[in-house]
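Reading through the structure tokens given below for one structure.
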Amino acid sequence: MGSSNSSVNNIPNAQELMQETGFSAAHILRLHERFEFLDKHKCGQLRPQDFGAVQELALNPIGDSIISAFFSPGQETVDFASFVRILAHFRPTDRNQSRDGAQQEPANSSIRKLKFAFQMYDQDRDGKISRAELLQVLRAMLGIQVTEEQLQSIAERAIQEADLDRDDAISFDEFRKSLEKVDIDHKMSIRFLR
Amino acid sequence: MDLHISRRTEVLLVVFILFSLLYGSRGEIPPKPTGGVTIVPPVKPDGPQAFPDAEKANLPVFTMDYPRIQIPFEITLWVLLASFAKIGFHVYHKITIWVPESCLLISIGLIVGGIMHSVHEEPPAVLSSNVFFLYMLPPIVLDSGYFMPTRPFFENIGTVLWFAVVGTLWNSIGIGMSLFAICQIEAFEVQDINLQENLLFASIISAVDPVAVLSVFEDVSVNEQLYIVVFGECLFNDAVTVVLYNMFNFVAEMPVVEPVDVFLGVARFFVVGLGGMGFGILFGFVAAFTTRFTSRVREIEPLFIFMYSYLAYLVAELFAISSIMAIVTCALTMKYYVEENVSQRSCTTIRHVVKMLGSISETLIFFFLGVVTITTEHEWNWGYILFTLLFAFIWRGLGVLVLTQIINPFRTIPFHLKDQFGLAYGGLRGAISFALVFTLPDNIGRKQLFVTATIAIILFTVFLQGISIRPLIEYINVRRTNRNLDTINVEVHCRLMEHTIAGIEDLCGQWSHFYWKDKFMKFNNRILRRILIRDNRAESSIVALYKKLELQNAMEILDTYETFIKNSGKPKKKFLASDLKSMHDILSKNMYKIRQRTVAYTNKHALPNDSQTKEILIRRHTSIRRSLRPGSFQSSVVPKSHKYFSLPAGKSLESKFPPTRLSYTDDQETMSEVAYPSRRSRFHQPGRSSSRAMMPLQRLDTLKEAPSVDVLDESTGERGRMGHGMSRTNSSSSNARIPAPRRQFPPSVDHDSSSADNFRNGHHEATAEEEEQQQQQQPSSPTPAWAAETQDNTAQNPLLRRPQWNPKRK
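Line order of the protein sequences matches chains Y and F.
Here the first sequence stands for residues 1 to 194, numbered as in the UniProt record's numbering.
Here the second sequence stands for residues 1 to 810, numbered as in the UniProt record's numbering.
Pasting the structure below:
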């Protein structure tokens, strides 16, 4: 396994990726190994069922949403660069990150993390979490004992709390506002991706 | 309700009285040397005398021969009594929540001991060293080893070993030394205990038994890592303790200890540990290999598991290496392969029996503990015992602190203070300590003192710490996360984020051990599985079929229920505080915890419960089906890109190990594709795809009686059965509308191509679902790429067409 890709230089665009995402060379290497492991058919691209092959992901209540977040609308495969870019969202935020104005928002900023979480709800990517989408996610996350009425009430309450402009949907800003007390960096980071 | 409780109390009372009477009375029956009591019947009037004998002994009609059955009888009664006690606990639910089972068992033991003491009866002298180590310990250890969740275990193995080995050593030596120091103080009158004996005693009481802790953790905090570490630590520190015990035992009998002995001790430690593992692995492989050939003798399949693990244990005992490690490693190795080879029933049987035996052993030991406490003579020494308690507590706490500090940097998920507290405070002592001290050789001068001290510490930790750990942890938890101030939004979103992170972590795989794991998996694939796993499993397809039927039943019920409920009016706009509170309650009780399956494993007193994983899978499938339903209330909003990706086409639960099966898989795929025209909608919308769930097809094998690899298997197997949801869209469909003929399977289920049949039947059901859909509003999006891959056309394999599949059938 280690024989083929022992150096990060074999990976196309490695330097750019490192620059863009902030991953170290070692991480890029490991991610590449993982990518190749998932890519059963060795075609250099990942497809949804490659993701689905990860058993734990299949047993995750929102597994499907997670997988679909990797695929931009209309895209059917994910190449390594996109894979890494999305995973970069989960790097822990660097504390003393100084960015000059010219740099665009780093991949692992809080906003980006929040956007990812938002995407879990907003499957059709229209920028709003509608009541139905909320219900769908709630249903997926709650056990069977919860009745439909209870679900509806919970969803109703959630929308009431967050929806400030009364359009019966939660926009990204409203979403962010409702989570302002939560330490997003902590919750949405994977430590070993530091 | 009151009546109910009082009735139950009565029953309990009756049961207890009965047993105490039994015991009381038994003591009065003097063991007869021979024959037994003969009750001479009334003289037979004219029985021809066969032998003219001196004294006329008539044929005894009713005799009683107690000594003959004494031993098995007593054993059975004890086991029964302990089991009744267990039933008794669960009568009141609240008891088991607040009081760990070990406490209850010991209490019952105390009561029975009291009864026996009052009738001057001796406890059965069965708890000898041999009986304990050869008969009572193996089931407990087998139980722990068999139900160990393998993957998280191996991911955390460094930490586990660290805590188990180093931790126990730290504890033993620390406590031993401190006690020795105490012994020097004249006031306590224990100067005759030398260092070796102190160390021996210390090693006995550092064996931690976290049974109570696990059950508390399960309810109160979700921390997968902590579970695994505690679980693993318990297991391995049993082994370490026994090794230390034997070592110190040996050393204690030696008059002089030289440095070379210490060195030898260390070497022996490694020999013992690694040797145990080696034996375990060996026996595990042999067992796995044997089960490859047991397809014709299903009834005795479970036997092999037990025999081989017991054999591993005994052989290790023969060579005086760590038998606990041997049996645990054997169970771990064996489980993986065996569960693929044996039938579903055998698998269930094995699990049940392992659990049962483990439960019995544990129950008996605690029970005896209670009895012995009352009935033996104690030697009480305030100073020694109190200091023992103190030191045990201090050293455990210190140990956990120091060890965690050292190992935290190496862990991907470090332990917080809260976790450390749980680890430290949860160090209850239990069965092993008791057994070890009870079986100390008699030449240790102060054996009685040791026994008393051990019992004291066990009772103290089990009762005090066991009962108080729950409130303490809740207190700590509640203090940190002030739940009631969170809005519903925050609660839901936070859990969502946790799930997301868990999912991404799983996607990334385990970082540090990845290399080795991958290597091992490749080795496993190429060599081990070929040898140890039987390939041919065609015969059990019928069973799988019936299982599928059951599952479909369940889903249908779910469907109708939910469809019915959804029409129940709009929820109110205003929410009272009480509503909010109940919402919070609902959320906290019902939201799935992350990585539920691990949690499912860790309740030591129950079989693993995989109902939540099943729920998740059923739920996913149902929502797919619902999204197809005509006029579904999500109608216009089902996002067109919402795809459901379960197991990929052609992959199975063994998707980690593609090579051997890949070709076979592809065949199946082809057949499935080909078998049915996929879209039978009368609306002829070609190429319409991804708006509905395109669950790729599950590989056939798992439709068979899916032997569980671990608990995942059952769920993935079922998912497979469900997962054949939608087929691909390629072929143009006929207009036939198939009204839900779900339960009807084409009569020609021929067994040669039984697997093919399964698949087709699965499809049958699948397309039936498609039937129900009506026009959907979404424009067709391009077929997902992975649908395109199975582009084989129907023409290729006309045999697989099923002409008799009559759409008109109802």
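Ideal Cβ placement from N, Cα and C applies to all residues, glycine included.
Closest residue to tryptophan 382 of chain F among F:Thr452, F:Phe133, F:Pro302 and F:Asn524 (Cα-Cα distance): As a working mapping, residue 382 of chain F is identified with position 382 in the second sequence. Just measuring C-alpha positions, the residue of F:Thr452, F:Phe133, F:Pro302 and F:Asn524 sitting nearest tryptophan 382 of chain F is F:Thr452.
Exposure of proline 138 of chain F, with buried meaning 16 or more beta-carbon neighbours within 10 Å: What you label residue 138 of chain F is simply residue 138 of the second sequence in a count that begins at 1. With 16 or more Cβ atoms within 10 Å of its Cβ, proline 138 of chain F is classed as buried.
Nearest to phenylalanine 269 of chain F (by Cα), restricted to the options F:Val242, F:Gly114, F:Phe438 and F:Phe434: Along the second sequence, one-based indexing puts residue 269 of chain F at 269. Answer by Cα proximity: F:Val242.
Local Cβ density within 10 Å of histidine 93 of chain F, reported as buried at 16 or more and exposed below that: Sequence index remark: in the second sequence, residue 93 of chain F carries index 93 (1-based). So histidine 93 of chain F ends up on the exposed side.
Residues in the region 40-69 of chain Y having any Cβ partner in chain F nearer than 7 Å: Taking 7 Å as the cut-off between beta carbons, the residues of the region 40-69 of chain Y near chain F are Lys40, Arg47, Pro48, Gln49, Asp50, Phe51, Gly52, Ala53, Val54, Gln55, Glu56, Leu57, Ala58, Leu59, Asn60, Pro61, Ile62, Gly63, Asp64, Ile66, Ile67 and Ser68, in sequence order.
Host alpha helix (DSSP H) of isoleucine 190 of chain Y (start-end): Counting from one through the first sequence, the residue named residue 190 of chain Y turns up at place 190. Premise fails: isoleucine 190 of chain Y is in no alpha helix (DSSP H) and is neither H nor E.
Extent of the continuous alpha helix (DSSP H) run through lysine 447 of chain F: Start at 1 with the first residue of the second sequence, and residue 447 of chain F comes out as number 447. 447-459 is the extent of the alpha helix (DSSP H) around lysine 447 of chain F.
For isoleucine 67 of chain Y and glycine 52 of chain Y, the rounded distance between their alpha carbons: For the purposes of this step, residue 52 of chain Y is taken as residue 52 along the first sequence, with counting starting at 1. For the purposes of this step, residue 67 of chain Y is taken as residue 67 along the first sequence, with counting starting at 1. One C-alpha to the other measures close to 8 Å.
Residue-level contact to chain F via CB, glutamate 161 of chain Y, 9 Å cutoff: In the first sequence, residue 161 of chain Y corresponds to position 161, counting from 1. Taking Cβ atoms only, chain F reaches closer than 9 Å to glutamate 161 of chain Y, which makes this a yes.
Candidates F:Ile87, F:Thr294, F:Asn198 and F:Met177, of which the one nearest leucine 449 of chain F by Cα: By 1-based counting over the second sequence, the position of residue 449 of chain F is 449. Ranking F:Ile87, F:Thr294, F:Asn198 and F:Met177 by Cα distance to leucine 449 of chain F puts F:Asn198 first.
Residue from F:Ile228, F:Arg526, F:Arg530 and F:Thr454 whose Cα sits closest to the Cα of valine 160 of chain F: As a position in the second sequence, residue 160 of chain F is number 160, starting the count at 1. Comparing alpha-carbon positions, the option among F:Ile228, F:Arg526, F:Arg530 and F:Thr454 lying closest to valine 160 of chain F turns out to be F:Ile228.
Neighbourhood of alanine 435 of chain F by C-beta, 6 Å cutoff - its chain only, sequence neighbours within 5 removed: Counted from its first residue, the second sequence places residue 435 of chain F at position 435. Within its own chain, the residues whose Cβ lies closer than 6 Å to the Cβ of alanine 435 of chain F, once the five positions on either side in sequence are excluded, are Phe132, listed in chain order.
Proximity of glycine 109 of chain F and leucine 398 of chain F at Cβ, strictly below 9 Å: Locating residue 109 of chain F in the second sequence gives position 109, counting from the first residue. Locating residue 398 of chain F in the second sequence gives position 398, counting from the first residue. No; because the gap between Cβ atoms is not below 9 Å, this pair is not in contact.
Closer than 7 Å at the beta carbon, the chain F residues around glutamine 150 of chain Y: For the purposes of this step, residue 150 of chain Y is taken as residue 150 along the first sequence, with counting starting at 1. Within chain F, the residues Ile586 have their CB atoms less than 7 Å from the CB of glutamine 150 of chain Y, given in chain order.
Alpha carbon of alanine 57 of chain F to alpha carbon of threonine 63 of chain F, nearest angstrom: On the second sequence, position 57 is the one that residue 57 of chain F refers to. On the second sequence, position 63 is the one that residue 63 of chain F refers to. In this structure, the alpha-carbon of alanine 57 of chain F lies about 14 Å from that of threonine 63 of chain F.
Proximity of alanine 88 of chain Y and glutamate 133 of chain Y at Cβ, strictly below 9 Å: Numbered from 1 along the first sequence, position 88 holds the residue referred to as residue 88 of chain Y. Numbered from 1 along the first sequence, position 133 holds the residue referred to as residue 133 of chain Y. Remark: C-beta atoms of alanine 88 of chain Y and glutamate 133 of chain Y do not approach each other more closely than 9 Å.
Best match in Y:Gly143, Y:Lys187 and Y:Phe118 for proximity to alanine 169 of chain Y [C-alpha to C-alpha]: Taking the first sequence and counting its residues from 1, one reaches residue 169 of chain Y at position 169. Nearest option by C-alpha distance: Y:Phe118.
Sequence-distant residues of its chain with Cβ nearer than 6 Å to valine 462 of chain F (five each side left out): In the second sequence, the residue the question calls residue 462 of chain F occupies position 462. Annotation for valine 462 of chain F: Ser102, Cys103 and Leu428 place their beta carbon closer than 6 Å to its own, counting only its chain and skipping 5 residues before and after.
Cβ-Cβ separation, isoleucine 533 of chain F to asparagine 341 of chain F (assumed contact under 8 Å), whole Å: Position 341 of the second sequence, counted from the first residue, corresponds to residue 341 of chain F. Position 533 of the second sequence, counted from the first residue, corresponds to residue 533 of chain F. Right, their Cβ atoms sit about 6 Å apart.
Nearest residue (CA-CA) to alanine 267 of chain F, options F:Leu244, F:Phe180 and F:Ile300: Counting from one through the second sequence, the residue named residue 267 of chain F turns up at place 267. Alanine 267 of chain F has its Cα closest to that of F:Leu244, out of F:Leu244, F:Phe180 and F:Ile300.
C-alpha distance - tryptophan 98 of chain F paired with serine 171 of chain Y, whole-angstrom precision: In the second sequence, the residue the question calls residue 98 of chain F occupies position 98. In the first sequence, the residue the question calls residue 171 of chain Y occupies position 171. Tryptophan 98 of chain F and serine 171 of chain Y: Cα-Cα distance of roughly 45 Å.
Reference asparagine 237 of chain F, options F:Ser144, F:Arg296, F:Lys522 and F:Asp261, closest by Cα: Looking up residue 237 of chain F in the second sequence gives position 237. For asparagine 237 of chain F, the nearest C-alpha among the options comes from F:Ser144.
contact_flag[the region 585-593 of chain F, the region 134-150 of chain Y] where n(CB pairs < 8 Å) is 3 or more: By the C-beta criterion, the region 585-593 of chain F is judged to be in contact with the region 134-150 of chain Y, since at least 3 inter-stretch pairs fall below 8 Å.
Three-state class that DSSP yields for alanine 207 of chain F in the structure shown: Indexing the second sequence from 1 puts residue 207 of chain F at position 207. In the structure shown, alanine 207 of chain F sits in coil (DSSP, three-state: anything other than H, G, I, E or B).
Under 9 Å (Cβ pairs) to chain F, residues found in the region 130-145 of chain Y: Cβ contacts with chain F: Ser130, Arg131, Ala132, Glu133, Leu134, Leu135, Gln136, Val137, Leu138, Arg139, Ala140, Met141, Leu142, Gly143, Ile144 and Gln145.
Neighbouring residues, chain Y, relative to valine 490 of chain F (Cβ below 8 Å): Your numbering for residue 490 of chain F matches position 490 in the second sequence. Neighbours of valine 490 of chain F on chain Y, chain order: Ser178, Leu179, Lys181 and Val182.
Distance CB(threonine 388 of chain F)-CB(alanine 456 of chain F) smaller than 9 Å: Residue 388 of chain F sits at position 388 when you count from the first residue of the second sequence. Residue 456 of chain F sits at position 456 when you count from the first residue of the second sequence. Taking 9 Å as the cut-off, the Cβ atoms of threonine 388 of chain F and alanine 456 of chain F count as close.
Complete runs of the beta strand (DSSP E) confined to the region 10-67 of chain Y [at least 3 residues]: Note on the region 10-67 of chain Y: there is no whole beta strand (DSSP E) run with a minimum of 3 residues.
Environment of histidine 90 of chain F [buried if 16+ CB atoms lie within 10 Å]: Within the second sequence, residue 90 of chain F is the residue found at index 90, counting from 1. Answer is exposed; the Cβ neighbour count stays below 16.
Straight-line gap, glutamate 258 of chain F to isoleucine 360 of chain F (C-alpha atoms, nearest Å): Taking the second sequence and counting its residues from 1, the one referred to as residue 258 of chain F is at position 258. Taking the second sequence and counting its residues from 1, the one referred to as residue 360 of chain F is at position 360. Each residue's Cα considered, the two are about 43 Å apart.
Interface partners of lysine 187 of chain Y on chain F, CB under 8 Å: The count along the first sequence starts at 1 and reaches residue 187 of chain Y at position 187. Within chain F, the residues Cys494, Met497, Glu498 and Ile501 have their CB atoms less than 8 Å from the CB of lysine 187 of chain Y, given in chain order.
Buried or exposed (CB count within 10 angstroms, at least 16 for buried), isoleucine 75 of chain F: Translated into the one-based positions of the second sequence, residue 75 of chain F becomes position 75. Under this definition isoleucine 75 of chain F is an exposed residue.
Tryptophan 170 of chain F to tryptophan 162 of chain F span [Cα, whole Å]: Indexing the second sequence from 1 puts residue 170 of chain F at position 170. Indexing the second sequence from 1 puts residue 162 of chain F at position 162. If I take the Cα positions, the gap works out to 11 Å.
Residue range of the beta strand (DSSP E) that includes serine 361 of chain F: What you label residue 361 of chain F is simply residue 361 of the second sequence in a count that begins at 1. Element bounds for serine 361 of chain F: not the beta strand (DSSP E) but the alpha helix (DSSP H), 344-375.
Interface partners of phenylalanine 90 of chain Y on chain F, CB under 8 Å: Start at 1 with the first residue of the first sequence, and residue 90 of chain Y comes out as number 90. Near phenylalanine 90 of chain Y (Cβ distances below 8 Å), the residues of chain F are Ile501 and Ile504.
Nearest-angstrom Cα separation, counted from glutamate 505 of chain F out to lysine 177 of chain Y: In the first sequence, the residue the question calls residue 177 of chain Y occupies position 177. In the second sequence, the residue the question calls residue 505 of chain F occupies position 505. Approximately 27 Å, taken between the alpha carbons.
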